[in-house]
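Read top to bottom, the protein sequences are chains R and E.
Counted the way my numbering counts, the first sequence spans residues 1 to 481.
Counted the way my numbering counts, the second sequence spans residues 1001 to 1250.
Note that CB positions come from ideal geometry on N, CA and C, so glycine has one too.
Predicted model, so just to flag it, every value in this text is computed and none were measured.
Scroll down for the structure; my scribbles are underneath it.
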Amino acid sequence: MENQDKLLNDITTQEYQYGFVTDIDTDVIPKGLSEDVIRVISAKKNEPEFMLEFRLKAYRGWLKMESPKWAHLRIPPIDFQETIYYAAPRNQAKYQSLDEVDPELVETFKKLGIPIEEQKHLAGVAVDVVMDSVSVTTTFKKVLAEKGIIFCSFSDALLEHPELVRKYLGMSVPPTDNFFAALNSAVFSDGSFCYIPKGVRCPMELSTYFRINTAGTGQFERTLIIAEDDSYVSYLEGCTAPMRDENQLHAAVVEIIAMDRAEVKYSTVQNWYPGDKNGVGGIYNFVTKRGICKGESSKISWTQVETGSAITWKYPSCVLIGDNSVGEFNSVALTNHHQQADTGTKMIHIGKNTKSTITSKGISAGKSDNSYRGLVKVLPGATNARNYSQCDSLLLGSTCGAHTFPYIEVGNKSSIVEHEATTSKIGEDQIFYCNQRGISTEDAIGMIVNGYAREVLNKLPMEFAVEAQKLLAISLEGSVG
Amino acid sequence: MLIIKNLRASVEGKEILKGINLEVNAGEVHAIMGPNGSGKSTLANVLAGKSDYEILGGEVTYEGQDLLELSPEVRSRSGVFLSFQYPVEIPGVPMVNFLKASVNEHRKFKGLEPLTAGEFLKLMRAKKEMLHLDSELTNRSVNEGFSGGEKKKNEIFQMAMLEPKLAILDETDSGLDIDALRIVAEGVNALKTADNATILVTHYQRLLDYVIPDFVHVLYNGRIVKSGGKELALELEEKGYDWIKNGSDQ
Ligand SMILES: Nc1ncnc2c1ncn2[C@@H]1O[C@H](COP(=O)(O)OP(=O)(O)OP(=O)(O)O)[C@@H](O)[C@H]1O
Ligand SMILES: [Mg+2]
């Protein structure tokens, strides 16, 4: 045991791979938050009046709210006047093609392993990239447009499709839903917008990469996905940030609306800078993600691989309104060093015969703390609702924590709600077995952890599953030696 | 190839190996027998480098190197293979991925290029045929849900893939049905060359009918208390251990 602890101790020396800063000309506004700042942001983006109203309403609500205290997290006080709420790469004109994009920026995305240039040719993935606050480029826009699919930056959507944004914005996550959602609603600068018309299956994965580059900036992006009747889309979000000693704030909102028989798959690979091995720096990640299965037999599934951030506070949820609608949550959350994660989901059953499944795989190493928090709520009208939850925790070493907080509220007798939970330690016998076949302990742990998470990783689109596997192994390097 | 001198080891403060002496040369097959709890698996695990055991004294020389100095993975890559008495399950890790990593680590150690997917699959197919291994097993997670016999067969399959210099088979015959025992024994024999050696830990003569040992040792209470030729195993089968126990307890 002693031996393994020593081993686990050492696995934590691997450096964050994405910690570079891109040197490009950036347009920033002074730090701090006020109604004036919000007006400046709105004006810079030439927003329609209703958007400014939405922001101000959220801001006024936010002023009266408090940062939530119920999570199993130690959150240092955040000075919201010390954050910069808008930063944009300056020569961010309207790019017609990638060749016009700042070469430094293209270089950044190459370092991130997203060869946008290649992706132009590589059919399959359309990428929207949000750097700091502004959406830089959207590839494949034209190809998608032919099918009537709108996939663009949130800013463009506000200018080009204001009626759609106005109709759906805040439907899943109202402007004053919670402290961080309200903050986001007040100051969000950009994000992605996606609209799939009736009967259309989106022919490729849609993908957004978020990156925080400028020092002292918060990133507040907003994503809105609307899937009309009988449509289908699979959407992936990835994120990274430079290494910095100070903490940076990320408070995003994602809203999904699925109409009759529509299906939306939303996958996240979250790899924000987690801080160094002593717990200095790192992103504070406070995210509200909610999907509404509004139509009958609609389906929303959230799949997340969370390896980054100093603090993660995130509960992608499904509101199952339509009869026979289905919600799914699949999560791998890995914490190492001094990282803290409190993550899980809410499944709200409202319609008849609604079904939800929750699969959560927590992995804790180092001195980290990892909590699953989930609510399954069955309303009185949700006849024959079904939920199955499986929450597993895997501990590496003896200095980390794993916690499970399942909340179940059942208001309809015909429903069936099942919850299973396990906690296990990574087996020394498993590691020795691998060693005996010539596999080093570090590789063995990567392999065992990936095996443990496989059920969830298998839900990711192929190309991202491979990326996620590497990420899990890398994130544990230095926690064993 | 392997020289063990006065090896003593303990687990959880309890001395299990109390002075083992054994010499194994290339081309030889040694059988180690002995009552339950006498320390056979402990010896196998100590040779493979399991960290639960504390070495209290003695030395082990393998191919001229101090074996006890090497990490378990380096011992493996240097040609020491242990077929586990109780192979562990690794959920979610497909056998084929596991083996590929293993084979390529061994190759890297020898300065060879990793096998391509095609080469690897070809090698795997050949070895699977040799051991009549159900082809679906390699797509499943390592040992997960394998029957007792399948696990043992899978150990020998891995041995066939890695072609070790020194193979230590800890009760590989236990749990095998009659046909499987013959197939596994044939496999072990087929892998035998003048350059490698095998240590068979077993309770039963029937394995030794197929894989003929050059030496048979009886381990009792942490010591090798009797050694002999293949006839010793037959004698044990007939008389049990009491006559040896009584002799050594005095
Ligand atoms: N990890 C451990 N903790 C405590 N005791 C142990 C441990 N490993 C082995 N022992 C003890 O050491 C002794 C020798 O065990 P070992 O497994 O080597 O026996 P064996 O000869 O292989 O027996 P069998 O024929 O039953 O397989 C036993 O008394 C066993 O209980
Ligand atoms: Mg044994």
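Compute the distance between the beta-carbons of A1197 (chain E) and L1166 (chain E), then report whether it is under 7 Å.
Result yes, Cβ atoms of A1197 (chain E) and L1166 (chain E) sit closer than 7 Å.
Taking S1071 (chain E) as part of the beta strand (DSSP E), name the residues at either end of that continuous run.
Per DSSP, S1071 (chain E) is not a residue of any beta strand (DSSP E), being assigned neither H nor E.
As a quick check of your reading: which residues have a C-beta less than 7 Å from at least one non-hydrogen atom of ligand 2, in chain order?
Matched residues: E:K1040, E:S1041, E:Q1085, E:D1170, E:E1171, E:V1201.
From the DSSP secondary-structure annotation, give me the bridge partner or partners of Y266 (chain R).
Answer by DSSP bridge pairing, in chain order: R:Y235, R:W302.
Alpha carbon to alpha carbon, how far is V1074 (chain E) from A468 (chain R)?
In a straight line, the C-alpha of V1074 (chain E) is about 29 Å away from that of A468 (chain R).
So what's N91 (chain R) in DSSP terms, helix, strand or just coil?
Per-residue confidence for N91 (chain R) stands at a pLDDT of 47, beneath the threshold of 50, marking its modelled position as unreliable; the derived number appears in the next sentence. Three-state DSSP puts N91 (chain R) in coil, outside helix and strand.
For V466 (chain R), name the three-state secondary structure that DSSP assigns.
V466 (chain R) falls in the helix class under three-state DSSP.
In its own chain, which residues sit with a C-beta less than 8 Å from the C-beta of I1183 (chain E), not counting the 5 before and 5 after it?
Non-local C-beta neighbours of I1183 (chain E) in its own chain, meaning closer than 8 Å and more than five positions away in sequence, comprise L1131, H1132, K1153, ordered along the chain.
Near-chain R residues of the region 1137-1160 of chain E - C-beta to any C-beta below 7 Å
Within the region 1137-1160 of chain E, the qualifying residues are S1141, Q1158.
So what's P1094 (chain E) in DSSP terms, helix, strand or just coil?
Looking at P1094 (chain E) - three-state DSSP - the assignment turns out to be strand.
Candidates R:G438, R:G344, R:K265, R:K355, of which the one nearest H403 (chain R) by Cα:
The residue with the shortest Cα to Cα distance from H403 (chain R) is R:G344.
Runs of beta strand (DSSP E) lying entirely within the region 1186-1233 of chain E, each at least 3 residues, in chain order
If we require 3 residues or more, the beta strand (DSSP E) runs fully inside the region 1186-1233 of chain E come out as 1197-1201, 1215-1220, 1223-1228.
Considering A1160 (chain E), what are the terminal residues of the alpha helix (DSSP H) in which it resides?
Unbroken alpha helix (DSSP H) run through A1160 (chain E): 1148-1162.
To the nearest angstrom, how far is it from the Cα of V466 (chain R) to the Cα of E237 (chain R)?
If I take the Cα positions, the gap works out to 15 Å.
Could you work out which residues of chain E lie near D79 (chain R), taking near to mean beta carbons separated by less than 7 Å?
In chain order: nothing, as chain E lies at least about 43 Å away.
Would you say G1037 (chain E) touches ligand 1, meaning its beta carbon is less than 6 Å from a heavy atom?
G1037 (chain E): yes, Cβ under 6 Å from ligand 1.
Using only CA atoms, which one of R:V187, R:V233, R:G218 lies nearest to G199 (chain R)?
Ranking R:V187, R:V233, R:G218 by CA distance to the CA of G199 (chain R) puts R:V233 first.
Quickly, what does DSSP pair G370 (chain R) with across the bridge? List them, please.
Inspection of the sequence shows that residue 370 (chain R) is occupied by Asn rather than by Gly. In DSSP, N370 (chain R) forms a bridge with R:A341, R:A402.
Counting only Cβ-Cβ distances shorter than 8 Å, please list the residues of the region 444-472 of chain R near chain E, keeping chain order.
Against chain E - using a Cβ distance shorter than 8 Å - the residues of the region 444-472 of chain R are M447, I448, N450, G451, Y452, A453, R454, E455.
Leaving aside the five residues before and after I348 (chain R) along the sequence, list all residues of the same chain whose C-beta is less than 6 Å from its C-beta, in chain order.
Same-chain partners within the cutoff: V319, K377.
CB of I1032 (chain E) within 7 Å of CB of G1222 (chain E), strictly
It is not a contact, given that the beta carbons lie outside the stated cut-off.
Please report whether the beta-carbon of S440 (chain R) lies at a distance below 7 Å from any beta-carbon of chain E.
Interface flag for S440 (chain R) against chain E is set, since a Cβ pair is found closer than 7 Å.
Can a CB atom of chain R be found closer than 7 Å to the CB of S1102 (chain E)?
Taking Cβ atoms only, chain R reaches closer than 7 Å to S1102 (chain E), which makes this a yes.
Considering only residues of the same chain and omitting the five flanking positions on each side of S309 (chain R), which have a CB-CB separation below 8 Å?
The beta carbon of S309 (chain R) is closer than 8 Å to those of H250, Q270, W272, Y273, P274, G282, I283, Y284, N285, Q339, A341 in its chain, skipping five residues each way along the sequence.
Name the chain E residues that come within less than 8 Å of N435 (chain R), Cβ to Cβ?
Those within 8 Å of N435 (chain R) in chain E are G1049, S1071, P1072, E1073, S1076.
Name, in chain order, the residues that DSSP records as bridge partners for S1083 (chain E).
Answer is E:L1169, bridged to S1083 (chain E).
7 Å Cβ cutoff met for Y266 (chain R) and W302 (chain R):
Result yes, Cβ atoms of Y266 (chain R) and W302 (chain R) sit closer than 7 Å.
Work out the CA separation of F50 (chain R) and L164 (chain R) for me, nearest whole Å.
When rounded, the distance between both Cα atoms is 12 Å.
Span of the beta strand (DSSP E) around L1017 (chain E)
Where L1017 (chain E) is concerned, the enclosing beta strand (DSSP E) stretches over 1014-1024.
Tell whether a beta-carbon distance below 7 Å holds between A382 (chain R) and T357 (chain R).
Against a cut-off of 7 Å, the Cβ pair of T357 (chain R) and A382 (chain R) comes out as no contact.
Provide the residue span of the beta strand (DSSP E) that contains L320 (chain R), from first to last.
Counted as a single uninterrupted DSSP element, the beta strand (DSSP E) harbouring L320 (chain R) occupies residues 317-320.
Give me, in chain order, the residues of the same chain whose beta-carbon lies closer than 7 Å to that of V1142 (chain E); leave out the 5 immediate sequence neighbours on both sides.
Within its own chain, the residues whose Cβ lies closer than 7 Å to the Cβ of V1142 (chain E), once the five positions on either side in sequence are excluded, are E1089, I1090, V1093, M1095, F1098, listed in chain order.
Should D429 (chain R) be flagged as near chain E, meaning a C-beta pair shorter than 7 Å?
Answer yes: the Cβ-Cβ gap between D429 (chain R) and chain E drops below 7 Å somewhere.
L1082 (chain E) versus chain R: which residues are under 7 Å apart at the beta carbon?
Neighbours of L1082 (chain E) on chain R, chain order: Q436.
If you draw a straight line from the alpha carbon of E1129 (chain E) to that of L1219 (chain E), how long is it in whole angstroms?
Approximately 35 Å, taken between the alpha carbons.
Under a CB-based cut-off of 7 Å, is F432 (chain R) close to chain E?
Yes, because at least one Cβ of chain E sits closer than 7 Å to the Cβ of F432 (chain R).
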